Amino acid sequence: MSDQGELARMRRSYRTARLEAADVDADPIAQVSRWLADAAAADLREPNAMVLATVGGDGLPSARTVLLRAIDAEGLVFYTSYRGRKAAELAANPQAALLFPWVDLERQVAVRGTVAKVTAAESDAYFASRPRGSQLGAWASEQSTVVPGRAAFERRLGELDSRWHDTAVPRPDDWGGYRVSPVEVELWQGRPDRLHDRLRYRCNADGWTLERLSP
-2 MSDQGELARM RRSYRTARLE AADVDADPIA QVSRWLADAA AADLREPNAM
48 VLATVGGDGL PSARTVLLRA IDAEGLVFYT SYRGRKAAEL AANPQAALLF
98 PWVDLERQVA VRGTVAKVTA AESDAYFASR PRGSQLGAWA SEQSTVVPGR
148 AAFERRLGEL DSRWHDTAVP RPDDWGGYRV SPVEVELWQG RPDRLHDRLR
198 YRCNADGWTL ERLSP
């Protein structure tokens, strides 16, 4: 493990690009989609990976990485169990933050917004598109609960595989999607000397306001 001195010396100057208000879309969702396409074109690993931060009734924040599975005019969609920690926290406080850390592009996007479940039809359609193993995994996992060991989990997976051996795996009632509807979106582009470019969209009664933030 690196000592404190080594960590302090880890630094690089960001010089890949610059970020100007004149160059971005007036619609933050369109701009995020544009940068997401850039990340995919750059062949980044899991370009749709995003950190999801939630806060439950106890006031303690939680963060984990999830995968963006849809983006549209209404927001950004991910799928998960409706029984895990994130679901419990979103039930207590239906607001969240998202972060796309595209380090190799010296970019990141931070989103804050309100959260609601997607429709059952949307969840059904996405679940049907998943690989069979992932479908079975959604049934086998009681997300975030304590388990005695992996063997019990794998036995459960085998039982479920036999149960739906020759039929389609249905979507569990307690599994589906959430949509994060942004109220704030920040674009970050690394620049030399830590004087990074930051542009923030804020939602208001007239639409979106775009403003530059100090690094």
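Residue numbers for the sequence shown follow our numbering, so the first one is -2 and each next one is one higher.
For each residue, glycine too, the CB sits at the ideal point set by N, CA and C.
Note that this is a predicted model, so its numbers are computed, not measured.
A direct Cα-Cα distance of roughly 46 Å separates T13 from V144. It is roughly 6 Å from the alpha-carbon of A94 to the alpha-carbon of L49. With respect to V177, G72 sits close: the two C-beta atoms are nearer than 9 Å. Contact check for A165 against W99 fails: the beta carbons are separated by 9 Å or more. Using a Cβ-Cβ distance cut-off of 8 Å, the region 191 to 208 and the region 5 to 21 are in contact, since at least three pairs of beta carbons, one from each stretch, lie closer than that value. Between V63 and V182, the gap from beta carbon to beta carbon reaches 9 Å or more.
Under the three-state reduction of DSSP output, G173 falls in the strand class. Here DSSP, grouped into helix, strand and coil, assigns Y79 to coil. Here DSSP, grouped into helix, strand and coil, assigns A39 to coil. DSSP links S59 through a beta bridge to T51. Assignment of D163 by DSSP, reduced to helix, strand and coil, places it in the coil class. The beta-bridge partner set that DSSP reports for P179 consists of G110.
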